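Asker: The structure that follows is given in the form of structure tokens.
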Amino acid sequence: MAIIGSYERHPDLGCEAIVFLDEESDACFQLQRDLPGGPRAGEYCVTTGASAPVYDGVAQWRRVGADRFEFALAPRAARLFGDDVLSFLVVAGADVTLDELAGHVDRLLS
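Next up, the structure:
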């Protein structure tokens with residue numbers, strides 16, 4: 553089963569997030585960043601959605617083919633997610649294409 557990827561912007565919380573959700577297990581991998589003007593707008597973090605954020609948790613990422621996203625994790629993030637590489641097939645959620653999702657990943661991680 554593929555992972556559902558979505559982009560969320562929350563002005564009320566002052567952040568934006570890319571959420572990768574496995575509906576079968578409820579496992580979640582999120583990339584988050586404060587909106588411009590926020591205290592940590594120049595940084596991103598990764599989280600499970602329920603865990604504390606790990607800043608600068610992605611060493612590098614790539615898109616393989618049309619629908620596979622791979623993230624090489626920094627050591628602290630690898631401990632959180634139990635592996636140093638996360639690789640999964642992604643299906644775009646509502647209101648976003650895979651190309652748009654990849655563009656958001658590039659932007660948040662840069």
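Here the sequence shown stands for residues 553 to 662, where the numbers follow our numbering. Using N, Cα and C, we set each Cβ at its ideal position, and we do this for glycine too. The structure presented is a predicted model; accordingly, all values stated were derived computationally and were not measured.
For Ala644, which of helix, strand or coil comes out of DSSP?
Answerer: Within the sequence shown, the letter at position 92 stands for residue 644. Ala644 falls in the strand class under three-state DSSP.
Asker: Among Phe623, Ala602, Asp578 and Gly601, whose alpha-carbon lies nearest the alpha-carbon of Gly609?
Answerer: Working through the sequence shown from its first residue, we reach residue 609 at position 57. It is Phe623 whose Cα lies nearest to the Cα of Gly609.
Asker: Report yes or no: do the stretch 555 to 565 and the stretch 634 to 651 share at least 3 C-beta pairs separated by less than 8 Å?
Answerer: Judged by Cβ distances under 8 Å, the stretch 555 to 565 makes contact with the stretch 634 to 651, as three or more pairs qualify.
Asker: Tell me the residue span of the alpha helix (DSSP H) that contains Arg631.
Answerer: Taking the sequence shown and counting its residues from 1, the one referred to as residue 631 is at position 79. Unbroken alpha helix (DSSP H) run through Arg631: Pro627 to Phe633.
Asker: Do Gly566 and Asp586 have their CB atoms nearer than 8 Å?
Answerer: Counted from its first residue, the sequence shown places residue 566 at position 14. Counted from its first residue, the sequence shown places residue 586 at position 34. Contact annotation: Gly566 and Asp586 have beta-carbon atoms nearer than 8 Å.
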